[in-house]
Amino acid sequence: MIRSGKTLCGVLISSCCVPIRHSVSGKAWITPKGFDTGIKTFNSLTKQKEALILAREGTATWYSCGPTVYDHAHLGHACSYVRFDILQRILTRLFGVTVIHAMVITDIDDKIIRRSWEENVSPDVISRMYEEEFKIDMLSLKVVPPAVYLRVTENMHHIVTFIEGIIRNGHAYATKEGDVYFDVQSIGDRYGKFVGAISPPGQSGSSNKRDSRDFALWKRSKAQEPHWESPWGRGRPGWHIECSTVASHMFGSQLDIHSGGIDLAFPHHENEIAQSEAFHQCGQWANYFLHSGHLHHKGSAEKMSKSLKNYITIKDFLQSHTAEEFRMFCLSTKYRSAINYSEGSMSEARTSLETIRAFISAAQAYMKGQLHCPPMQEDLLWQRLTEAKSNILTALADDFDTPRAVSALMKLVYHGNCQLQPVSTAEGGVQSPAVFGAMVTYIRDVLDVFGIDLLHSREVDVLSSDGNLQAVVEQLTRFRSEVREFALTHQDSQDKKSDLYPDRIPLLKSCDTLRKDLALLGVVIKDRGTTSTWEIKQTQSGQTTTRTSKHEK
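All the letters of the sequence shown, read from the start, carry residue numbers 1 to 553 under the UniProt record's numbering.
Next up, the structure:
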């Protein structure tokens with residue numbers, strides 16, 4: 001775990017100093033009391049970066065809107081969940097904050113009901129099937145599961161009680177038909193915290209609603225629809241109430257962080273705030289709202305979504321790409337920015353990972369004495385490592401700026417590669433293995449923070465049962481190295497510039513031909529002076545996986 005001593009301690013924000021931001025009546029954001037993490041994050045409530053202050057030292061309460069489980073999850077979903085997974089990993093592994101994450105699973109909804117009619121099965125069958133698929137997809141993408149998944153259907157008693165509380169506090173009303181609506185006018189100008197939320201009161205648009213902005217907390221049941229008992233008759237909850245209820249059940253009247261896609265800001269998150277603050281009778285329910293940007297197909301202004309039928313399922317994506325590549329792709333832009341998906345952008349992510357792998361491989365070969373290089377500028381490398389650590393920590397403390405952090409990491413790799421220039425034989429240069437060991441360890445640690453594991457990835461495990469193949473490649477590489485060493489012997493052993501033996505030149509050509517032929521089969525041999533290293537790049541269903549070893553004489 002990489003940690004910052006300064007941010008781990010935190011700074012206590014005393015209760016006697018609570019500045020208020022944005023003094024528009026009813027919509028002011030109050031700086032939370034508690035412990036300053038040392039992080040600045042963009043808060044959608046204030047539309048600017050704010051100090052991330054947690055109610056409890058070293059602990060963040062975090063609620064996120066989960067999926068409506070009626071169909072396969074797609075890359076648009078994956079992008080949001082992976083991005084927030086990265087943020088939570090940064091909080092936990094870099095800044096020492098324990099994240100208590102709760103997520104709701106919407107397992108009853110109009111879409112689920114329609115799908116069940118189409119498939120001629122119960123809504124429970126549809127929701128359970130796609131819920132399990134979603135969880136498997138998340139694990140495949142290496143998303144850390146929340147502390148708890150909470151289903152809507154298993155929290156109906158909490159939802160009914162929550163609605164009763166809002167009615168009791170004078171902010172909701174029941175109709176004679178059995179619907180319950182939130183009364184937006186009852187909270188005055190407190191409604192409209194997000195852009196696009198404000199619209200003037202007008203005609204109700206429905207005989208049941210007092211105001212067009214009022215939204216359903218409880219909907220009376222219709223024929224052939226699932227229903228639950230309530231004081232207002234049989235029915236089921238509206239869309240927004242489930243999140244307020246589940247989050248309040250887990251965390252009470254105070255929530256540190258709420259996250260979701262930018263499309264959920266209004267009306268969903270707007271209505272969550274209205275209901276929750278009406279129920280708890282508090283001035284500020286959630287202190288920070290973090291919203292992720294949309295995933296677009298490159299060249300298209302439309303987001304990837306099921307309704308537009310322009311999506312790629314997570315399962316299909318993972319047939320040709322890896323979880324590590326998708327994470328590197330997500331790291332390439334700020335979490336709250338829109339991101340363009342294309343094969344080109346995925347190729348860039350793959351290339352970045354390959355560059356890092358190649359550096360680690362070369363650094364390890366150098367530390368083992370298999371790669372001979374000119375004398376190292378060791379002090380310069382230690383300086384570059386110190387700079388990288390500082391720059392990466394600064395970037396991630398600034399609204400989780402992953403593009404800047406990755407850029408600093410790749411710059412460190414570049415400086416390392418500049419020193420790892422192979423020569424045919426060691427010329428008495430002093431080796432500096434420790435600095436490369438430090439660089440490799442730090443790079444792995446940073447990638448681990450991001451959820452990227454180049455050592456024990458799922459793809460490498462495919463090769464774990466292929467021990468015989470690896471043994472064959474090892475022996476073949478050893479034999480080839482011995483042939484090359486024989487062929488590279490100079491006629492005058494005292495003069496390294498003397499000619500090679502002419503009759504041995506064909507052996508060198510045969511070694512080169514073998515190297516090229518094996519590369520086509522996924523076995524990559526790299527000649528490093530008189531020694532060689534090898535790695536297996538095995539293609540399975542379009543995926544490239546890597547296993548690296550070195551041949552030492």
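Idealized CB from N, CA, C, for every residue including glycine. Note that this is a predicted model, so its numbers are computed, not measured.
Checklist entry - Per DSSP, N340 is paired with what? => result H296
Checklist entry - Do Y341 and L295 have their CB atoms nearer than 7 Å? => result yes
Item to check | Best match in T245, E277 and L290 for proximity to G261 [C-alpha to C-alpha] | outcome: L290
Next on the checklist: Can you look up A197 in the DSSP assignment and give me helix, strand or coil?
Outcome noted: Only weak support exists for where A197 lies, its pLDDT of 44 falling under 50; the value from the coordinates is given anyway. In the structure shown, A197 sits in coil (DSSP, three-state: anything other than H, G, I, E or B).
Checklist entry - Can you name the residues that DSSP bridges to G261? => result S292
Item to check | Straight-line gap, M439 to L385 (C-alpha atoms, nearest Å) | outcome: 7 Å
Checklist entry - Mapping DSSP to helix, strand and coil, what is T533? => result strand
Checklist entry - Residue ranges of each alpha helix (DSSP H) run of no fewer than 4 residues wholly in the stretch 50-119, ordered along the chain? => result 75-93 and 110-119
Item to check | Contact under 7 Å by Cβ, G238 with K222 | outcome: no
Checklist entry - Taking all protein chains shown into account, do 16 or more other C-beta atoms lie within 10 angstroms of the C-beta of P145, making it buried, or fewer, making it exposed? => result exposed
Item to check | For T351, three-class secondary structure by DSSP | outcome: helix
Checklist entry - Quick one, which of Y311, I312 and S253 has its alpha-carbon nearest G283's? => result S253
Checklist entry - For the candidate residues L476, F400 and S481, whose alpha-carbon lies nearest to that of K40? => result F400
Checklist entry - What does I273 pair with, by DSSP beta-bridge criteria? => result The partner list for I273 (beta bridge, DSSP) is empty, contrary to what the question assumes.
Checklist entry - Just curious, the beta strand (DSSP E) that P237 is in, first and last residue? => result G235 to P237
Checklist entry - Are A102 and V148 closer than 7 Å when you measure CB to CB? => result yes
Checklist entry - DSSP on V148, reduced to helix/strand/coil? => result strand
Next on the checklist: Just verifying my parser: in three-state terms, what is the DSSP assignment at A388?
Outcome noted: helix
Item to check | Neighbourhood of E229 by C-beta distance below 7 Å, restricted to the same chain and skipping five residues each side | outcome: none
Checklist entry - So what's V449 in DSSP terms, helix, strand or just coil? => result helix
Item to check | Unbroken alpha helix (DSSP H) run spanning N43, endpoints | outcome: Run containing N43: none in the alpha helix (DSSP H); it sits in the beta strand (DSSP E), G34 to N43.
Checklist entry - Whole-angstrom Cβ separation of S292 and V406, contact assumed at under 8 Å? => result Going by Cβ atoms, the distance from S292 to V406 rounds to 17 Å, so no, they are not a contact pair.
Item to check | Cβ-Cβ distance between E272 and S244 below 7 Å | outcome: yes
Item to check | As assigned by DSSP and simplified to three states, the class of V184 | outcome: helix
Checklist entry - Roughly how many angstroms separate the alpha carbons of R83 and S337, rounded to a whole number? => result 11 Å
Checklist entry - In terms of alpha-carbon separation, which member of Q470, L87 and V143 lies closest to A78? => result V143
Next on the checklist: Please state the DSSP three-state secondary structure of Y173.
Outcome noted: strand
Next on the checklist: Please state the DSSP three-state secondary structure of L217.
Outcome noted: strand
Checklist entry - So K526 is in the beta strand (DSSP E); what residue range does that whole segment cover? => result V523 to R528
Checklist entry - How would you call I536, buried or exposed, if buried means at least 16 neighbouring beta carbons within 10 angstroms? => result buried
Next on the checklist: Tell me whether R236, by its Cβ, gets closer than 6 Å to a heavy atom of the ligand ADP.
Outcome noted: With respect to the ligand ADP, the structure offers nothing, as it holds no ligand at all.
Next on the checklist: Per DSSP, what are the beta-bridge partners of I356 in this structure?
Outcome noted: Its beta-bridge partners do not exist; DSSP assigns none.
Checklist entry - Using the C-alpha atoms, what's the distance from Y130 back to G170? => result 38 Å
Next on the checklist: Spatial neighbours of L518 within its chain, please: C-beta separation below 7 Å, excluding the five flanking residues on both sides.
Outcome noted: I525
Checklist entry - Distance, Cα to Cα, E118 vs D211? => result 35 Å
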